[in-house]
Amino acid sequence: MNEWEKYFIDIARVVSTRGTCSRLKVGAVIVRDRNILCTGYNGSIRGSPHCLDEGCFISDNHCVRTVHAETNAILQAAKNGVDIKDAHCYVTHSPCINCLKHLLNAGVCTITWDQLYGRHPYDILLTLGVNVIKYKENSIMIRWSA
193 MNEWEKYFID
203 IARVVSTRGT
213 CSRLKVGAVI
223 VRDRNILCTG
233 YNGSIRGSPH
243 CLDEGCFISD
253 NHCVRTVHAE
263 TNAILQAAKN
273 GVDIKDAHCY
283 VTHSPCINCL
293 KHLLNAGVCT
303 ITWDQLYGRH
313 PYDILLTLGV
323 NVIKYKENSI
333 MIRWSA
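No gaps in the numbering here: position 78 of the sequence shown is 270 in this note's numbering, and each next residue is one more.
Put into structure tokens, the structure is as follows:
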């Protein structure tokens, strides 16, 4: 991992400390040209109770009380009118398939994560035409050109 990639993964780790789900705290940073465009962490819908306050709401072995970090970063960009096309997302844990689809559909072309979380949907990524690149022992980078 080069110094810039380490820098942005480290920032994603700091962002994750704001997470409000007791099961896992995740942070995401969306970057273009070494400039941070937006960040996100996993937490409840604005104004609603958080897992740390009232516990997780589990459905199908997932906490559905929270909005995922990657989606929150995309929503922050949209709220502030920030274009994330051709950006790079650094995230502390591998995105779920829905977050992957959200990132790719929002125009993010590269995603790097530091830790694998759960089963990764490589088969689905390949059918979408996404290049999956082994990045280091516990990190994967994917590249996408829409």
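Glycine included, every Cβ here is placed at the ideal spot set by N, Cα and C. Model, not experiment: these values are computed from the prediction.
Rounding to the nearest angstrom, what Cα-Cα distance links CYS301 and LEU229 in this structure? Here residue 301 is taken as the residue at index 109 of the sequence shown, counted from 1. Here residue 229 is taken as the residue at index 37 of the sequence shown, counted from 1. Using only the alpha carbons, I get a separation of about 14 Å.
Spatially closest choice to TYR309 from ALA265, VAL283 and CYS243, by CA coordinates: Against the sequence shown, residue 309 aligns to sequence position 117. If we check each option's Cα against that of TYR309, VAL283 comes out closest.
Quick check: the segment 238 to 254 against the segment 289 to 300, are there 3 or more CB pairs under 8 Å? no
Does DSSP classify HIS294 as helix, strand or coil? Your numbering for residue 294 matches position 102 in the sequence shown. HIS294 falls in the helix class under three-state DSSP.
Determine whether the beta carbon atoms of ASN264 and GLY235 lie at a separation below 9 Å. Residue numbering aside, residue 264 sits at position 72 when the sequence shown is read from its first letter. Residue numbering aside, residue 235 sits at position 43 when the sequence shown is read from its first letter. Closer than 9 Å, so yes.
Examine the Cβ distances between the segment 287 to 294 and the segment 206 to 214 and report whether three or more of them are shorter than 8 Å. no
So what's SER240 in DSSP terms, helix, strand or just coil? By 1-based counting over the sequence shown, the position of residue 240 is 48. Residue state, collapsed to three classes: coil.
At which residues does the beta strand (DSSP E) containing ARG226 begin and terminate? Working through the sequence shown from its first residue, we reach residue 226 at position 34. Premise fails: ARG226 is in no beta strand (DSSP E) and is neither H nor E.
Please go through the same chain and pick out, in chain order, the residues whose beta-carbon is closer than 6 Å to the beta-carbon of HIS280, but skip the five residues on each side of it. Here residue 280 refers to the residue found at position 88 of the sequence shown. If we look at HIS280 and ignore the five residues flanking it on each side, its Cβ neighbours are VAL223 and THR302.
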